[in-house]
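Residue numbers (this note's numbering): 343 to 758. We put the beta carbon where it would ideally sit given N, CA and C, even for glycine. To keep things clear, I will list the structure first and then write my remarks on it.
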Ligand code: COA
């Protein structure tokens with residue numbers, strides 16, 4: 343960050359605390375920087391209208407140590423408010439005195455200046471007043487001042503031995519520095535499934551995505567699954583909603599094979615895949631993985647459930663093999679097991695379509711007679727490769743998929 347600078351002082355000038363040093367203009371606001379010290383301007387680090395860089399010295403002030411120094415504070419900040427707003431703050435009839443940098447520090451830490459006791463001249467609130475206030479609130483221990491850089495405030499009553507003139511110190515004022523320290527940044531390499539996600543998703547976003555969403559009334563399916571669950575359980579299989587969603591998708595793909603296709607890299611040829619290898623996005627401890635249920639077009643709902651159980655068990659154990667993780671032709675992502683309604687799923691190349699399912703919610707809806715009933719509603723969000731799939735095809739497929747799920751008995755007609 344850098345700031346344009348206008349100055350009020352020149353080298354050799356004497357300044358007192360809170361005298362204006364310069365005016366800085368950032369892209370957000372104009373702020374007057376004031377001196378924190380009584381002393382003599384020894385060096386200006388910038389000429390008029392030059393760009394001053396945050397974190398670099400702005401001006402060197404030679405101070406007479408015998409007079410003590412009030413406080414160390416950041417000199418240049420980029421306040422979100424205008425210059426006028428920073429000159430003073432009126433709280434319950436009292437003006438609080440503080441520099442823009444101090445006001446910003448208070449604002450960034452949600453501290454009301456009216457609650458802070460100012461220890462500066464005319465009860466002016468200093469940076470350390472804010473830091474002390476913050477430390478009391480959080481129990482944090484303030485970092486010690488680096489040697490020779492920060493001059494701690496001196497109690498008013500304390501007398502300071504006069505320093506010989508030649509020992510007067512030059513203090514470069516930094517433009518800005520971190521205000522509150524909390525922990526350390528951590529950098530770690532991207533590995534494993536995350537690395538694969540970087541590669542796949544970067545490639546995916548080269549595909550022009552078309553989005554289409556709808557809501558599905560699963561009231562009948564919720565009941566059907568309740569009825570069938572014990573049957574599946576007897577056979578040692580957990581029956582969730584996914585096998586129905588997957589089978590309905592496969593029945594839809596039989597009618598709209600373009601959604602189970604892939605486009606070659608040069609966009610010259612489309613390959614219609616014979617197998618419906620339907621990928622299921624899985625949230626695992628190792629990250630997102632998408633194993634696929636192979637040949638769904640020839641599987642029963644129970645067989646899909648059984649295969650899904652196997653993939654889930656291997657997925658949680660981090661033991662899925664290459665065969666399970668490759669060869670997918672279409673994907674469903676049931677993010678609704680975690681939450682949410684609509685989403686914008688990203689196609690997994692070389693596939694051309696993906697559906698994301700929201701959470702099933704009980705919501706009031708009208709039946710055919712205009713009566714309100716408790717409906718089990720789920721939202722679906724489709725994304726398709728708009729280079730080869732048009733909106734109408736996606737919508738027709740979605741309508742078909744929806745009809746199978748809203749009236750699960752209708753699946754029987756098309757099951758082989
Ligand atoms: N809304 C509300 N509840 C749902 C639901 C939905 N959309 N889908 C499933 N459920 C319920 C299930 O019925 C089950 O309840 P039950 O134990 O009472 O029967 C429960 O949530 C857990 O289901 P789960 O065991 O996870 O099976 P599943 O077949 O529904 O889902 C996965 C399997 C792999 C899809 C799921 O575990 C998962 O990982 N989802 C996250 C996918 C993801 O991260 N997508 C984002 C990709 S960027």
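Residue interval of the beta strand (DSSP E) (run including residue 622)
620-622
Give a yes or no on contact between the stretch 566-573 and the stretch 736-747, applying the rule of three or more CB pairs nearer than 8 Å.
They do not touch, by the three-pair rule.
Using 10 angstroms around the beta-carbon of residue 371, count the other beta-carbons present and answer buried if the total reaches 16, otherwise exposed.
Note that residue 371 scores a pLDDT of 49, beneath 50, so its modelled location is shaky and nothing firm can be said.
Would residue 602 and residue 618 be called neighbours here (beta carbons separated by less than 7 Å)?
yes
How far does the alpha helix (DSSP H) with residue 756 in it reach, from first residue to last?
752-756
Throw me the rounded Cβ distance for the residue 658 and residue 626 pair, which I believe falls under 8 Å.
6 Å
Using three-state DSSP, classify residue 695 as helix, strand or coil.
If DSSP states are grouped into helix, strand and coil, residue 695 belongs with the strands.
Does DSSP put residue 360 in a helix, a strand or coil?
coil
With DSSP run on the structure shown, which of helix, strand or coil describes residue 550?
coil
Under 6 Å from any heavy atom of the ligand COA, does the C-beta of residue 699 make it?
Within the cutoff, so yes.
beta-carbon residue 704 near the ligand COA non-hydrogen atom, thresh 6 Å
no
If I measure Cβ to Cβ from residue 543 and keep anything under 8 Å in the same chain, skipping five residues before and after, which residues do I get?
688
Rounded to whole angstroms, how far is the Cβ of residue 628 from the Cβ of residue 660, which I believe are closer than 8 Å?
That pair is a contact at about 5 Å.
What are the start and end residues of the beta strand (DSSP E) that includes residue 701?
It is not in any beta strand (DSSP E) - residue 701 carries neither H nor E in the DSSP assignment.
Can you tell me whether residue 679 sits near the ligand SAH, meaning its C-beta is under 6 Å from at least one heavy atom of the ligand?
Of the ligands this structure carries, namely the ligand COA, none is the ligand SAH.
With the cut-off set at 7 Å, would you say residue 365 and residue 384 are in Cβ contact?
No, the Cβ-Cβ distance between residue 365 and residue 384 is not below 7 Å.
With H, G and I counted as helix, E and B as strand and the rest as coil, what does DSSP make of residue 676?
Of the three classes helix, strand and coil, the one that applies to residue 676 here is coil, per DSSP.
In three-state terms, what does DSSP make of residue 742?
helix
Is the closest heavy atom of the ligand COA to the C-beta of residue 584 under 6 Å?
yes
Could you tell me the alpha carbon to alpha carbon distance between residue 710 and residue 448, rounded to whole angstroms?
60 Å
Can you check DSSP and say which residues form a bridge with residue 718?
Answer by DSSP bridge pairing, in chain order: 704.
Taking 6 Å as the cut-off, does the CB of residue 556 come closer than this to any heavy atom belonging to the ligand COA?
No.
Three-way DSSP call (helix, strand, coil) for residue 606 in this model
Annotated three-state conformation of residue 606 is coil, per DSSP.
Sort out for me which residues DSSP pairs residue 383 with in a bridge.
403
Since I believe residue 376 is in contact with residue 355 (beta carbons under 8 Å), could you give me their beta-carbon distance rounded to a whole number of angstroms?
That pair is no contact at about 14 Å.
Own chain partners of residue 415 with C-beta closer than 6 Å, once the 5 adjacent residues on each side are dropped:
Caution is warranted here: a pLDDT of 39 is assigned to residue 415, below 50, making its placement in the model unreliable, and the coordinate value is therefore given only provisionally. For residue 415, where only same-chain residues beyond five positions count, the Cβ hits under 6 Å are 378, 443, 469.
With DSSP run on the structure shown, which of helix, strand or coil describes residue 629?
strand
Using only alpha-carbon positions, find the residue among 721, 674, 653 that is nearest to residue 683.
Here the closest residue by C-alpha is 721.
Starting from residue 318, follow the beta strand (DSSP E) in both directions and report where the run begins and ends.
With the chain running from 343 to 758 in the structure shown, residue 318 is simply not present.
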